[in-house]
Amino acid sequence: MAYNRLPSSGHNSPSPPQSPLRSPTRLRPGGRSSKSGRFTQPPRTLPQRLTGILLSVLLRRQGIFLFAPLLYISGMLFYMGTVSFDVVPVIKHRPAVGSVYRSPQLYAKLRPEMDADNSSTDAAAHISVTRFSSRFNEIPLLIIDFIKCSGGLIDKFVILGLPESNGYVYVEANGGLNQQRTSICNAVAVAGYLNATLVIPNFHFHSIWRDPSKFTDIYDEDYFVSTLKNDVRIVNTIPEYIMERFDHNMSNVYNFRIKAWSPIGYYKDAVLPKLLEEKVIRISPFANRLSFDAPPTVQRLRCLANYQALRFSNPVLTMGETLVARMKERSANSSGKYVSVHLRFEEDMVAFSCCIFDGGGKEKEDMDAARERGWKGKFTKRGRVIRPGAIRLNGKCPLTPLEVGLMLRGMGFDKSTFIFLASGKIYDAERNMAPLLEMFPLLQTKEMLASQEELAPFQNYSSRMAAIDYTVCLHSEVFVTTQGGNFPHFLLGHRRYLYGGHSQTIKPDKRKLALLFDNPNIGPLRFAGYIVLESFSSPEEVNEMRKRMDQLLDEFNCSSSASIFSTKNQKHTTDDYFYDSAEKVSFFFEEKAFDDDGNLKQPKQLSINKVGHDSSESVSNVEEFLFQQPGIGGEVVPHQDNSFLYTEPTTCTGLWLALEDATILNGCIWAIPGSHKDGLVRRFMRDEEGVHFDRPSPSYDQKDFVPIEVKAGSLVVIHGDLIHQSFENQSSKSRHAYSLHTVDTVGCKWAPDNWIRRKVDPEPLYVS
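Heads up: the sequence shown begins at 1 in full-length UniProt numbering, then just goes up one per residue.
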């Protein structure tokens with residue numbers, strides 16, 4: 001019996017009769033009905049028959065839907081027979097800017113200028129050690145204070161002796177050199193927190209690194225134990241009487257499989273009871289098994305282990321220090337200063353990234369094979385979509401040697417810079433390393449600095465070779481990280497610890513670099529004199545700055561002090577308010593803001609020229625908020641920033657951040673490309689006669705200037721000797737901008753007759 005899913009009405013009624021499959025009685029061609037009848041139909045002609053068929057199709061239910069497509073197709077076929085299709089137009093969609101690797105084309109364009117650049121600036125001393133507030137997107141030059149493990153916050157911890165141990169903790173450290181280092185530091189912290197005895201960590205053999213080294217092969221075990229003796233008990237082996245319970249087999253010991261980044265409280269709640277019960281526990285694997293968020297006592301143990309207790313074994317340390325000495329000897333002309341670069345462009349790194357470079361078919365074959373060897377189907381799973389262009393735009397592609405060279409040359413490091421390259425085996429090294437060596441012929445690697453005999457004891461051990469690289473990078477003047485990972489993270493912290501919080505590090509934003517390297521109009525600061533970094537700050541960051549300036553203006557009482565800023569006639573040169581403003585926040589009005597009686601013609605928010613000059617005593621910089629008001633925004637005559645912030649040698653760099661779109665109409669910057677190569681024209685000085693230029697301004701041909709029109713959020717980096725200007729704002733809209741001018745405090749002298757007078761001399765940020 002069949003059941004109907006629809007609700008029943010309670011009555012059984014027969015189903016309606018089925019529709020007939022065909023029409024009832026039809027006339028046959030002979031004119032007679034299938035049944036007897038009195039009427040007959042005369043025969044039809046051929047046109048009548050065709051017309052009847054056509055009408056029956058059209059009139060039949062849904063017949064029109066069949067006929068219309070047939071009619072359309074017939075018409076198209078007829079039309080196609082009259083048109084030639086020898087040339088078929090193809091619509092191509094241009095890839096998004098930054099999604100394709102075009103750095104080789106950029107290098108080909110810039111190489112003639114690079115080869116012609118014969119300057120010999122000491123780039124390591126020239127680079128400015130400055131960090132913007134996080135609001136401005138982090139510039140990759142960092143200054144971070146660090147409290148050493150032996151002082152500061154931890155002075156309150158007094159060692160009164162270690163209580164009786166709660167048991168033994170045995171961990172297996174997996175991964176490469178620095179992932180194992182993470183495990184060691186976390187193991188020390190956990191053992192100390194649980195009042196346990198730590199067994200020297202066992203290094204797990206990894207199929208990728210394939211390094212069988214043990215703890216004592218890489219680190220000085222005796223030094224490690226003695227350094228931590230007042231904080232954590234450390235032994236080499238577990239006592240025999242305990243291991244007898246487990247048949248001397250560590251696999252029989254209870255093993256905790258702890259989730260990554262577990263809080264320290266988990267160890268107290270879950271691990272400690274088992275430790276007290278068994279007296280020995282095993283944790284495997286132990287990479288990244290402790291959260292970064294931990295109380296000061298735990299962080300102190302991490303710090304102590306990492307920066308004081310973990311010293312490389314004597315063979316590794318000796319080899320590393322030997323290479324440091326050789327690097328300093330070879331860079332003697334630069335006061336022994338060199339730049340270290342951690343480059344990750346090994347085959348496995350390139351393969352894992354799934355990025356496409358310029359190796360063509362061979363590169364694809366190599367990468368497919370490497371991915372299958374290392375990850376066995378991970379990248380070929382059904383449904384997995386790999387988008388190399390999106391990966392590049394997201395900054396996930398490793399920088400090539402060529403891109404590292406372009407970045408450093410663009411930052412001002414010239415071909416006389418000594419560079420130490422820390423890396424594994426570079427993929428297709430002969431081809432990929434050639435451009436970097438052309439840009440930096442003095443580049444060195446450990447294989448160049450040491451003989452084969454010297455490196456032989458370490459050659460087949462990736463962790464020991466990485467430890468040598470680590471040592472040479474640790475003592476460099478500037479460290480450049482290109483990919484991230486454990487190696488640079490440890491090194492950044494170690495360098496800050498070693499140099500009292502002051503170390504120079506370049507950590508590029510690869511998302512912005514992808515856009516820069518795909519910009520056909522880009523030219524390094526060294527060659528054009530300026531760089532435009534589009535979308536440097538987000539709309540939210542720009543709005544935050546403008547909102548804060550609105551608050552400052554609302555609080556400012558313009559009746560108490562008012563100074564006019566003009567570059568045309570230098571009206572501010574005798575104004576004490578102006579040149580005393582170097583060390584405080586000051587407000588300056590437009591030249592046309594006041595009437596003959598000295599009253600503002602319009603609200604102060606529409607009359608202000610700039611707010612700025614607040615500069616700290618420790619770093620020489622001058623920052624300003626520029627308004628360029630509609631209708632009255634004044635002209636800024638051709639000038640050079642080094643004229644106003646003069647050092648010997650000159651080191652000023654200008655950073656100009658557009659907070660509104662800057663156009664020709666509202667007074668964008670105009671510059672003479674390459675004019676910085678002619679040097680400084682004149683100086684703005686302060687002496688007993690007041691503040692003035694030391695010589696008249698030369699005349700410039702306006703045809704040589706080019707406009708630098710940018711969108712809000714774009715940053716213009718300006719060389720200190722670049723000649724630039726801006727015209728009056730002739731639009732109905734303002735052109736707000738933030739500018740920061742900074743000079744070095746290392747390797748240069750602040751001129752005593754600068755118009756800015758310091759209460760104290762600027763102190764160097766780098767501690768040698």
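Even for Gly, the Cβ is constructed at its ideal location relative to N, Cα and C. If you're wondering where the values come from, they're calculated on a predicted model, not measured in any experiment.
What residues in its chain sit with their C-beta under 8 Å from that of Ile-281, if we drop five residues either side in the sequence? Gly-167, Tyr-168, Val-169, Tyr-170, Val-253, Tyr-254, Asn-255, Phe-256, Val-271, Lys-274, Leu-275
Is it the case that the Cβ atoms of Gly-389 and Pro-95 are separated by a distance below 7 Å? yes
For Phe-461 versus Asp-211, is the C-beta spacing smaller than 7 Å? The sequence shown places Tyr at residue 461, not Phe. Yes; because the gap between Cβ atoms is below 7 Å, this pair is in contact.
With 16 as the cutoff for other CB atoms within 10 Å, does Phe-224 come out buried or exposed? buried
Could you tell me the alpha carbon to alpha carbon distance between Pro-752 and Glu-660, rounded to whole angstroms? 37 Å
Tell me which residues share the same chain as Ser-731 and place their Cβ nearer than 7 Å to its Cβ, disregarding the 5 neighbours each side in the sequence. Pro-630, Leu-665, Asn-666
How is His-724 classed by DSSP in three states: helix, strand or coil? strand
Classify Phe-345 as helix, strand or coil using the three-state DSSP reduction. coil
Tell me which residue opens and which closes the beta strand (DSSP E) that Pro-718 is part of. The amino acid at residue 718 is misidentified as Pro; the sequence shows Ile. Start and end: 715-719.
If you draw a straight line from the alpha carbon of Thr-663 to that of Glu-709, how long is it in whole angstroms? 5 Å
Beta-carbon within less than 7 Å of Tyr-107's beta-carbon, same chain only, minus the 5 sequence neighbours each way: which residues are those? Leu-402, Leu-406, Pro-435
CA-CA distance, Glu-438 and Gly-501? 34 Å
Residue span of the alpha helix (DSSP H) that contains Met-448, given as start and end: 446-449
Considering only residues of the same chain and omitting the five flanking positions on each side of Leu-443, which have a CB-CB separation below 7 Å? Ile-419, Leu-421, Leu-436, Leu-437
Can you tell me which of the three DSSP states Ile-708 falls into? strand
Rounded straight-line distance, which links the Cα of Lys-109 to that of His-724: 25 Å
For Gln-504, list the residues DSSP reports as bridge partners. Val-478
Answer with buried or exposed for Leu-552, where buried requires no fewer than 16 other C-beta atoms within 10 angstroms of its C-beta. exposed
Given Val-478 as reference, the closest of Ala-467, Gln-504, Thr-322, Phe-458 once Cα atoms are compared: Gln-504
Counting C-beta neighbours from all protein chains within 10 Å, is the total for Trp-261 16 or more, i.e. buried, or is it exposed? exposed
Could you give the distance in angstroms between the alpha-carbon of Val-298 and the alpha-carbon of Val-190? 8 Å
By the three-class DSSP mapping on this structure, what secondary structure does His-248 have? coil
Is Glu-329 helix, strand or coil by DSSP? helix
What does the alpha-carbon distance come out to for the pair Met-327 and Leu-449? 8 Å
Quick one: what's got a C-beta closer than 7 Å to Asn-195's C-beta in the same chain, skipping five residues either side? Pro-163, Ser-165, Asn-166
With 16 as the cutoff for other CB atoms within 10 Å, does Ser-451 come out buried or exposed? exposed
Touch check for the region 644-661 and the region 688-697: three-plus C-beta pairs under 8 Å? no
State the Cα-Cα distance for the pair Cys-473 and Ser-714, rounded to the nearest angstrom. 33 Å
Could you please give me the residues that DSSP links to Thr-197 through a beta bridge? Tyr-168, Arg-233
Starting from Gly-374 and walking both ways along the beta strand (DSSP E), at which residues does that stretch end? Run containing Gly-374: none in the beta strand (DSSP E); it sits in the alpha helix (DSSP H), 360-375.
Please name the residue in Pro-295, Thr-237, Pro-239 whose C-alpha comes closest to that of Pro-263. Pro-295
Shortest alpha-carbon distance to Val-97 belongs to which of Pro-698, Leu-513, Arg-683, Phe-352? Leu-513
What is the DSSP secondary structure of Lys-547, counted as helix, strand or coil? helix
Please classify Gly-176: does DSSP put it in a helix, a strand, or coil? coil
Are the beta-carbon atoms of Val-542 and Ile-506 separated by less than 7 Å? no
From Asp-368 to Cys-355, what does the alpha carbon distance come to, in whole angstroms? 12 Å
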